[in-house]
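Numbering (the UniProt record's numbering), first residue to last: 1 to 350.
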């Protein structure tokens, strides 16, 4: 294992943004992915080394990552790509970081904790907007109110998504939403819960979603009742209600593949102006059995701009031997105040 790091999925929307920012900061990841023309072109433009491989053959994956200290895995959909990469990282004693926000991925990687600890490596999923801001808000709230037993989180300002995020969300739609109740993950219908929030003088209607923190917040904070919400437009609400009877079709591989391909053609992700000017807000509230509560409001960069910064900050920390070993959430690896190390982030208890 060397001190170099591999950026897998560098040809995707977010992976390419991270690669370009890394180079501008003097970092030199080795780029990798399965799309040879795009990877080669980007690597030559940025004057970086590159490797071309897919995740089908475990031996090929292991051979291509074994000389690195760390892999930043940016290739979605993570529900299908994360496990083969994480397994290879454990086998080769290479730290694993990714950008997932999908509950099944966090669950699967958490189940590999003992193997990662034995290998002496870190499994650190969710080092982007999924889930650094919400995870750090949750941990800070628990620090403020140690008796808290109920946690609610919400975020707004993520109105445009990348093709990869859209494809991942589409694949999860037929499985409904999730909440954590008394320690158990419970399936609930989409749009079955909502909150009315006023954040800095602007009103928002937010709906419950199966965000990664529904699973991870209990690990970060010990709180066993968790719900996460986000803003959904009236048009999106109407569309989801109309499509609800047909969502089971997304469980059929051919149907899902066609629709994901269509999304890849229709969605481009936010442009540079949007990434530079939009601000995201993350709200969190905890309650204790005695009736006490604390509320925290975080403002930070737009989601993809934040992801670029937070993922590179995490990479630097892990290369500097911070974060521990085994499965970690961002706040467990680096502390709740990690969020404040990302430029443009500020929070206040309200």
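Note that the Cβ used here is the ideal one computed from N, Cα and C, for glycine as well.
Can you tell me the Cα-Cα spacing of residue i and residue j, whole angstroms?
i	j	result
residue 79	residue 34	17 Å
residue 100	residue 128	8 Å
residue 88	residue 49	21 Å
residue 286	residue 23	40 Å
residue 26	residue 46	11 Å
residue 186	residue 237	22 Å
residue 282	residue 194	16 Å
residue 1	residue 7	Low per-residue confidence applies at residue 1: pLDDT is 49, beneath 50, and the placement is therefore not dependable enough to give any value.
residue 163	residue 269	6 Å
residue 9	residue 291	46 Å
residue 4	residue 148	41 Å
residue 122	residue 264	32 Å
residue 254	residue 214	29 Å
residue 278	residue 339	18 Å
residue 145	residue 151	11 Å
residue 53	residue 131	28 Å
residue 274	residue 305	9 Å
residue 328	residue 119	14 Å
residue 202	residue 156	11 Å
residue 168	residue 300	24 Å
residue 249	residue 73	29 Å
residue 180	residue 341	29 Å
residue 288	residue 117	33 Å
residue 136	residue 336	4 Å
residue 143	residue 297	15 Å
residue 216	residue 140	14 Å
residue 246	residue 220	36 Å
residue 171	residue 311	24 Å
residue 295	residue 349	6 Å
residue 60	residue 91	12 Å
residue 191	residue 284	19 Å
residue 37	residue 30	16 Å
residue 352	residue 234	Given a span of 1 to 350 for the chain in the structure shown, any question on residue 352 remains unanswerable.
residue 260	residue 196	32 Å
residue 242	residue 105	29 Å
residue 28	residue 258	36 Å
residue 97	residue 199	32 Å
residue 223	residue 138	9 Å
residue 353	residue 308	The structure shown does not extend to residue 353, since the chain spans only 1 to 350, so no value can be given for it.
residue 212	residue 17	23 Å
residue 319	residue 280	28 Å
residue 322	residue 347	24 Å
On the DSSP letters alone, give me the boundaries of the alpha helix (DSSP H) that residue i sits inside.
i	result
residue 292	Premise fails: residue 292 is in no alpha helix (DSSP H) and is neither H nor E.
residue 164	163-172
residue 220	213-221
Note the first and the last residue of the continuous beta strand (DSSP E) segment covering residue i.
i	result
residue 178	177-181
In the DSSP output, which residue or residues are listed as bridge partners for residue i?
i	result
residue 227	152
residue 233	DSSP lists no partner for residue 233.
residue 299	281, 346
residue 326	122
residue 286	151, 294
residue 262	Residue 262 is not bridged to any residue.
residue 187	178
Look up residue i in the DSSP assignment and say whether it is helix, strand or coil.
i	result
residue 205	strand
residue 267	coil
residue 273	helix
residue 128	strand
residue 1	Its pLDDT being 49, under 50, residue 1 is placed unreliably by the model, and nothing is read from it.
residue 312	helix
residue 193	coil
residue 317	helix
residue 198	strand
residue 158	coil
residue 243	helix
residue 252	coil
residue 210	coil
residue 141	helix
residue 331	helix
Can you check the UniProt domain "Saccharopine dehydrogenase NADP binding" (6-121) for any alpha helix (DSSP H) of at least 4 residues that lies completely inside it and give the ranges in chain order?
-> 13-24, 36-46, 58-65, 78-92, 103-110, 113-119
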